[in-house]
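First up is the structure itself, then whatever we jot down about it.
Residue numbers (my numbering): 1 to 219.
Shown next, in the form of structure tokens:
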């Protein structure tokens, strides 16, 4: 990715509403977006591994809380650097992320139990903390729609089905473990594949952003 940043000279692209160039700042933004995704994916994968193999260990349950907040912060970094044409959708995803984070902090401080155990014992707590996962589902949907990636096509319905199913109690423990494991694997695959994607693809058509900004200024 570093080579992509420095080896390419400014290039003029033809967009839907005119010509545009991709700057070093644009490229750095994409690298930050992808780094956030990678950190979030690794935190989620490590947390999932701990849950699946050491869920009865009190130290593991305690460790899941900082892992979750690292995941949440990295997700926020990605949400503030992602390129989405629909500004309202972008703001909604950021709002979901913020609501999920606030709910998580409140839950973590109010409950005497580790955060993961609280969520497991009180599934309806996902009505708050689940907004964080709604935000990342929005990223999955965007990536599936824009790049036709099979892993994000799988993750987009998987996340709400897993969480909603857990809330209403339709999944067995084995079902939950399998779906959580599958989620973690696909998330890591998604994050790794992003590192090999051309940077301009994640930036998109900047002429569309310029056009939409101009329309907003006229409104």
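Beta carbons: idealized from backbone N, C-alpha and C, even for Gly.
query	result
Return the bridge partner residues of residue 21 from the DSSP annotation.	12
Taking 8 Å as the threshold, find out whether the stretch 83-99 comes into contact with the stretch 128-135 through three or more Cβ pairs.	yes
How should residue 3 be labelled, buried or exposed, when 16 other C-beta atoms within 10 angstroms of its C-beta is the threshold for buried?	Per-residue confidence for residue 3 stands at a pLDDT of 48, beneath the threshold of 50, marking its modelled position as unreliable; the derived number appears in the next sentence. That one is exposed.
Going by the beta-carbon positions, is the gap between residue 41 and residue 201 smaller than 7 Å?	no
Along the chain, which unbroken stretches of the alpha helix (DSSP H) at least 4 residues long are found entirely within the stretch 58-122?	58-79, 87-110 and 115-121
Along the chain, where does the alpha helix (DSSP H) containing residue 186 start, and where does it finish?	173-194
Residue 93 to residue 32, Cα distance in whole Å?	18 Å
Is the beta carbon of residue 123 sitting closer than 7 Å to the one on residue 166?	yes
Could you tell me the alpha carbon to alpha carbon distance between residue 81 and residue 113, rounded to whole angstroms?	34 Å
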